[in-house]
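Notes follow the structure.
In this note's numbering, the protein residues as written are 1063 to 1166.
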């Protein structure tokens, strides 16, 4: 019988070869599964690291935003005080001019 003849019965050698191949495939699947578990652990660790960094970045962003808001309020308050002082000076000058004009 030839190898192309699929109707020939399997011999003990064929069964042993098939068993050996199945054993090697099972071992390969086991190693692959172990590697996947290792990768899953590494991905979980990486995800945790990314989450932690995201929290740190958001905290830093909040701090910077608060600082900018505080600085802006301080700047506007200072500018408002400067304008108030200038307006008071203008009012004083206008009163003096008005008093001078009443004397004329």
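Using N, Cα and C, we set each Cβ at its ideal position, and we do this for glycine too.
Being a predicted model, the structure only gives us computed values, none of them experimental.
Quiz item: Just the Cα atoms here: how many angstroms apart are residue 1110 and residue 1149?
Solution: 58 angstroms
Quiz item: In angstroms, rounded to a whole number, what distance separates the CA positions of residue 1145 and residue 1123?
Solution: Rounded to whole angstroms, residue 1145 to residue 1123 spans 32 angstroms at the Cα level.
Self-check item: Span of the alpha helix (DSSP H), counted from its first residue to its last, around residue 1166
Solution: It is not in any alpha helix (DSSP H) - residue 1166 carries neither H nor E in the DSSP assignment.
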